[in-house]
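Input: a single structure, listed below in structure tokens.
Residue numbers (UniProt numbering): 1 to 711.
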């Protein structure tokens, strides 16, 4: 069948969206569909039990009253995790999904804390400096009210650290932490609108646990124990007055860098804002998939904030950009998809009379009409062989976001700065236009075409990142989408790629989550540990930062991780070991995340945690957090999976750990781990089956299938 002529640039037509023409080479062999990855189920987050940390501003010079309103509590709950903080794959909507979905509520809730008693604390030694002593910065009552190791953004695998290296570094359980640096907290962290005080030696930040010379204002770093000046800022008449400094009153604070002077600077750290969202939708779907997608899209419209500006683009062999100025019909401008859009094409769109970004409160009914007008693909062409110009569609979406805003005609002025989001809803591979690959793997030039497509997609992702736009790709259905080709686009822009079985409830939930994710950019995570504790493995959405991307200090031993995006649902799994035997009563961990939020304000979030050290293995095991430890084991196991030839090697590793952790049941160990830890490890190892370590009758289970799980 001949290919129909392409629509001219900027041509406006009324759409009951067009059916795609077959590929110019319809005889190309289709690809056997491969099963898609199942999105993880929505996490079970218990209701939050939150602290009211209301610390007065530094301008108040009177000592604060010791009351619950000032952050003082009688109990010191220890964090208990029902489910670890979500990975960079979002799994629940920001608000209850609209019909037809029945979903769990809202954004992942802060972890519920049990009402257990606080860990015992002791006063740290005072260091003499002539006639003046280093003072603990807070009264003992406040000191004791904040238990060690508690933070809504950080969860350790144990609340105590073993002093002896030989005992601490055993591989069966290990020690580590889960970190969600961008997690929203309620109430929010203390906000400080000035530059932080940092250690001149190692780069650590002044914090709640450091000792202060109140006569001279000097403070001692908890990481390297170096004495630093504060330019006289910490000079006070009494140590109670130090409560007026937020960084000395709370383990979690946000600094707003005052040196950026950006036009869109807003002095708040709430990263939720109504940034533009453009939906880029695959129109080459069969009827069953399209029906599910339409339900998800209608529910999405009902869930979006009224002030959010939205755009809708369809792609197949052409790119259809929907015009919200037509309030009674679904109307779109169509441009060719075989090549990147020309300047003439984009100029006709951007400077035309159409409205392609419109606030949801003004265009909800039009959006519903557009989604209802979608029609299934009718031509007799296999799913994998249908022409899809995904690359061109994303280019057009970027141009609409960056160009002169067409919604100015309604009196809405686009705010400078801010992160936009493109959400691609895809049911098949990108096989037409720039960044595409041949329909069939048997194409004689497929390796070269794929290499070229990878490079082009990565370049497009970097361009989106430079323009503060994140590209998320949500795939569904049984047609292979060529993940290696699409992944560079999502990764380079700071977005994610998620695979689903279909366009139903799970897809709809993730679509709503994607639209509401608060995304910062240009992130840098710094990890500092005292007492020569080493970071051995990091698993998460980042990569090691180059030396020229961050500030360096004289003896900075921190591990720096570069993040393309900083989001609430991201989680890093960090494994640690003792380099030497620990002689201190406490060890300190400081995590600092620097990023630009959606307002383009430069934020530095600093989290400082103190954990007590113990000699007793039994005391250590009693402090183990079962579910955090299980996640760390899972992450380390999956990290090694790339080096294993088949699943049996990976499963054997978990079997050995389950046996170690089960303790006396297998080895007669005198030290008993929590029963839940071995049970969770067994579940991880087995997936849908039962572990051979727990059930010898299951040894005949299939050994060839590799199973990967998202945490």
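Note that beta-carbon positions come from the ideal geometry of N, C-alpha and C, so glycine has one too.
All figures in this text were calculated on a predicted structure; none of them were measured in a lab.
For the pair residue 590 and residue 204, the CB atoms are nearer than the 8 Å cut-off. Every alpha helix (DSSP H) of 4 residues or more that sits fully in the segment 156-244 is shown, in chain order, as 165-168. CA-CA distance, residue 603 to residue 593, rounds to 8 Å. In the structure shown, residue 287 adopts helical secondary structure according to DSSP, grouped into three states. Nearest in C-alpha terms to residue 618, of all of 159, 483 and 420, is 159. DSSP places residue 482 outside any alpha helix (DSSP H), giving it a letter other than H or E. Taking a contact as a CB-CB distance under 8 Å, the pair residue 437 and residue 280 does not count as one, their CB atoms being some 18 Å apart. Distances from the alpha-carbon of residue 194 to those of 214, 245, 239 and 432 put 245 closest. Counting along the chain, residue 578 sits inside the beta strand (DSSP E) bounded by residues 572-578.
Residue 541: not part of any beta strand (DSSP E); DSSP gives it neither H nor E. Using a Cβ distance threshold of 8 Å, residue 359 and residue 309 count as a contacting pair.
Residue pairing by DSSP places residue 322 opposite 332 in a beta bridge. For residue 505, the three-state secondary structure derived from DSSP is helix.
Residue 248 sits in a helix when the DSSP states are folded into three classes. Here the segment 346-355 makes no contact with the segment 375-390; the two share fewer than three CB pairs at distances below 8 Å. Minimum Cα-Cα distance from residue 192 among the listed residues 510, 580 and 256 corresponds to 256. Residue 286 places its beta carbon less than 8 Å from that of residue 376.
Spanning the alpha carbons of residue 458 and residue 282 requires a straight line of approximately 20 Å. Residue 170 and residue 236 have their C-alpha atoms roughly 46 Å apart.
Around the beta carbon of residue 615, fewer than 16 other beta carbons lie within 10 angstroms, which makes this residue exposed. In the DSSP assignment, residue 348 falls within the alpha helix (DSSP H) that extends over 343-350. Its Cα nearest to that of residue 583, the residue 161 stands out among 154, 161, 152 and 157. DSSP, read as helix, strand or coil, puts residue 612 in strand. Cβ atoms of residue 177 and residue 153 stay farther apart than 8 Å, at about 10 Å.
In the DSSP annotation of this structure, the continuous segment of the alpha helix (DSSP H) that includes residue 371 starts and ends at 360-372.
Remark: C-beta atoms of residue 202 and residue 224 approach each other more closely than 8 Å. Secondary structure of residue 298 (DSSP, three-state): helix. Secondary structure at residue 622: helix, using DSSP grouped into helix, strand and coil. Around the Cβ of residue 555, a 10 Å sphere holds fewer than 16 other Cβ atoms; the residue is exposed.
Listed in chain order, the non-local C-beta contacts of residue 346 below 6 Å within the same chain comprise 399, local neighbours out to five positions each way being set aside.
Here DSSP, grouped into helix, strand and coil, assigns residue 591 to strand.
When the five nearest sequence neighbours on each side are left out, the beta carbons in the same chain lying within less than 6 Å of the beta carbon of residue 185 are those of 152, in order along the chain.
Exclusion of the five residues before and after residue 495 leaves 470, 471 and 472 as the residues of its chain whose Cβ lies within less than 6 Å of its Cβ. Residue 383 is classed as buried because its beta carbon has at least 16 other beta carbons within 10 Å across all chains shown. CA-to-CA, the gap between residue 380 and residue 284 works out to about 11 Å.
Assignment of residue 428 by DSSP, reduced to helix, strand and coil, places it in the coil class.
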